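Undergrad: 2 is the number of the first residue of the sequence shown in my numbering; add one for each residue after it.
Every residue, glycine too, gets a C-beta built ideally from N, C-alpha and C.
None of these values were measured; they are calculated from a predicted model.
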Amino acid sequence: MSTPTVSSPHPSVPAARDRRPLHWRVRFAFLSLIWGFSFLFMKVGTEGFAPFQVTLGRLVFGTAVLVVAMAVKRERLPRGARTWARLAVAAFFLNALPFSLFAYSELTIPSTLAGICNATSPLWGMALSLVALSEDRPTRVRVAGLGLGFLGVLTVLGAWQGFHGLDARGTAMALLASLSYPVGWIYVRRTLAGSSESHLSLTGGQLLLATLQLAVVTPLLTDLPGHLSLVPLLAIAALGALGTGVAMLVQYGLVAEVGPTTAQMVTYFVPIIATAAGVAVLGEQLAWSTPVGAVIVLAGAALTQARPRSGDRPAGTCAARREQPEAKPSRPEPAGKA
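In structure tokens, the structure reads:
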């Protein structure tokens, strides 16, 4: 949280104020790293375990971190059947479904491609908000960003070559996982934004429900591994504890300190780190179209998040009209990350 301003003649206060930006930037960089490496951890995890097992392990470790944080802060789980029902839906779209789809996709596609597909979440969110959120009126800049972003997706996939050498099923799963995030965000915004529960309490309940969902599904669809592989197990532990549990705590802290717009910029660094990790650690190959398309995707995503100016017109209108301010949910929206 922001530190209150205190009047003091001593030079220590300005010095502390000068150090504060470095502090949040360090956490911002840390969040970018652990989310970027999440795709590498998933790839390594699937080398020893089934995708559903990777997701279940991830959620178990992530939930454990949130439970410890709640115990330290003496937070309780949410109350009320309606809140838990809504959290169950949020857990499915924001955790259980996208985590599982990304894990399955990395059986057949590189972690670099999965990381780039994850960057399409703002594009999906923009497209869905045009239909689902009446307060989000599109400007011409945002619509242009939407078109540019999907042009970047086609570039990454090599559309002019007929998607040659691309596993369509794995790529489709990664794109569906990215679509699942904004579906969950919109649902949370409509149903849980006014909740009196704390952010930590809601997040802990959401992860707990996602863990229970996977705990039911995984034994029905997978067999126990013949032996436990140490490296994949460590990758799953890092994926859950760091990429899910710690990442959520850091993300909400950033939103509280610097605001959602700055905090959500981490989305643009994740595919860069995921690509670098996949190439450097896993030895994955890159065609020229992958980094070029990724840059186009990120540029389009950035445009879709551009703040409307007072003189901007909503797309498709003839008369100039002042853009209505966007509704601010009382609960920070989760970032689309894996």
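Roughly how many whole angstroms lie between the Cα atoms of G150 and T204?
TA: Here residue 150 refers to the residue found at position 149 of the sequence shown. Here residue 204 refers to the residue found at position 203 of the sequence shown. Rounded to the nearest angstrom, the two C-alpha atoms are 30 Å apart.
Undergrad: What three-state label does DSSP hand T109 in the structure shown?
TA: Translated into the one-based positions of the sequence shown, residue 109 becomes position 108. Coil, per DSSP.
Undergrad: Would a C-beta distance cut-off of 8 Å place T305 and G146 closer than the cut-off?
TA: Position 304 of the sequence shown, counting from 1, holds the residue named residue 305. Position 145 of the sequence shown, counting from 1, holds the residue named residue 146. Yes, these two residues count as a Cβ contact at 8 Å.
Undergrad: By the 10 Å Cβ neighbour count, where 16 or more other Cβ atoms means buried, how is A289 classified, buried or exposed?
TA: Stepping through the sequence shown from its first residue, residue 289 is reached at position 288. Looking at the sequence provided, one finds Trp at residue 289 rather than Ala. By the 10 Å Cβ count, W289 comes out exposed.
Undergrad: Suppose the cutoff is 7 Å on Cβ atoms and the five residues either side in sequence are ignored; what does the same chain contact list for A316 look like?
TA: Position 315 of the sequence shown holds residue 316. Note that A316 has pLDDT 49, beneath the 50 cutoff, so the model's placement of it is unreliable and no number is given.
Undergrad: As a quick exercise: from Y188, N119, A211, pick the residue whose alpha carbon is nearest that of S130.
TA: In the sequence shown, residue 130 corresponds to position 129, counting from 1. Closest option to S130, Cα to Cα, is Y188.
Undergrad: Quick one, are the C-beta atoms of Y269 and L299 less than 8 Å apart?
TA: Position 268 of the sequence shown, counting from 1, holds the residue named residue 269. Position 298 of the sequence shown, counting from 1, holds the residue named residue 299. It is a contact, given that the beta carbons lie within the stated cut-off.
Undergrad: I'd like to know whether the C-beta atoms of S122 and M174 end up nearer to each other than 8 Å.
TA: As a first step, residue 122 must be located in the sequence shown, where it is residue number 121. As a first step, residue 174 must be located in the sequence shown, where it is residue number 173. The answer is no: Cβ separation not under 8 Å.
Undergrad: Using DSSP with H/G/I as helix, E/B as strand and the rest coil, what is L23?
TA: Reading the sequence shown from its first residue, position 22 is the one you call residue 23. Only weak support is given to the placement of L23: the predicted model assigns it a pLDDT of 48, under 50, and the value that follows is read from those uncertain coordinates. In this structure, L23 counts as helix in the three-state DSSP scheme.
Undergrad: Note the first and the last residue of the continuous alpha helix (DSSP H) segment covering E258.
TA: The residue labelled residue 258 in the question sits at position 257 within the sequence shown. Segment 248-259, the alpha helix (DSSP H) holding E258.
Undergrad: Our contact map puts L342 next to P79 with C-beta atoms below 8 Å; I'd like the distance itself, whole angstroms only.
TA: Given that the chain is displayed from residue 2 to residue 339, the structure contains no residue 342 and the question cannot be resolved.
Undergrad: Alpha carbon to alpha carbon, how far is A278 from V73? Give it in angstroms, no decimals.
TA: Residue mapping note: residue 73 aligns to position 72 of the sequence shown, counting from 1. Residue mapping note: residue 278 aligns to position 277 of the sequence shown, counting from 1. Whole-angstrom Cα-Cα distance: 33 Å.
Undergrad: Compare the C-alpha of L155 against each of A194, T263, P292 and name the closest.
TA: Locating residue 155 in the sequence shown gives position 154, where the first residue counts as 1. Per the Cα distances, P292.
Undergrad: Using the three-state DSSP reduction, which class does A303 fall into: helix, strand or coil?
TA: Numbered from its first residue, the sequence shown carries residue 303 at position 302. A303: helix per DSSP, three-state reduction.
Undergrad: For the candidate residues A70, I237, G63, whose alpha-carbon lies nearest to that of N96?
TA: Position 95 of the sequence shown, counted from the first residue, corresponds to residue 96. When each option's Cα is compared against that of N96, the closest is G63.
Undergrad: Below 7 Å CB to CB, which residues in the same chain sit around L250 once its five sequence neighbours on both sides are set aside?
TA: Position 249 of the sequence shown, counting from 1, holds the residue named residue 250. Excluding positions up to five away in sequence, the list reads A70.
Undergrad: Count the CB pairs spanning the segment 25-38 and the segment 211-221 that are closer than 8 Å, and state whether there are at least three.
TA: Result no; under three Cβ-Cβ pairs closer than 8 Å.
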